[in-house]
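Q: Would you mind keeping the following structure in view while I ask a few things?
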Amino acid sequence: MRKFYLFSAALAMIVAFSVSSVMGNTGIMKKHAGKKKDGKSINCGYCHTGQKIEKKKGQNMAALKQLPGCKGSGCH
Numbered sequence: 038m039r040k041f042y043l044f045s046a047a048l049a050m051i052v053a054f055s056v057s058s059v060m061g062n063t064g065i066m067k068k069h070a071g072k073k074k075d076g077k078s079i080n081c082g083y084c085h086t087g088q089k090i091e092k093k094k095g096q097n098m099a100a101l102k103q104l105p106g107c108k109g110s111g112c113h
C-alpha cells in the first residue's frame, strides 16, 4: 500500500508540473524561444527569478520592456 501512495504522490507532482507548463503564457515563450542573453536562456525563470518580475495578469508590457534585462541585442 505504501508503494501505491508513493506512486500516487509522484504522479500528482508530474501532473502539476505539466499543467503549469501548459497553462503558462505560451505567447511569451514563443517570442523568446531559442534566445539567450548573457549566455542564459530566456525562459520563465530568467524573467521571474533573475529580473524579479511578478507573475500576474494584465502587466504593462511597455513598462516591462524598459527593464535592463529586456534591452540589448536579441531583445525588445
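Residues in the sequence shown are numbered from 38 upward in steps of one, following our numbering.
We put the beta carbon where it would ideally sit given N, CA and C, even for glycine.
Only a predicted model underlies this, so the values are computations on that prediction, with no experimental measurement involved.
Is Lys40 helix, strand or coil when you go by DSSP?
A: helix
Q: Between which two residues does the alpha helix (DSSP H) carrying Leu104 extend?
A: Taken as a continuous stretch (DSSP letters only), Leu104 belongs to no alpha helix (DSSP H), as it is neither H nor E.
Q: Between Lys25 and Ile79, is the Cβ-Cβ spacing less than 8 Å?
A: The first residue shown for the chain is 38 and the last is 113, placing residue 25 beyond what the model contains.
Q: To the nearest angstrom, how far is it from the Cα of Leu101 to the Cα of Val52?
A: Between Leu101 and Val52, the C-alpha separation is close to 31 Å.
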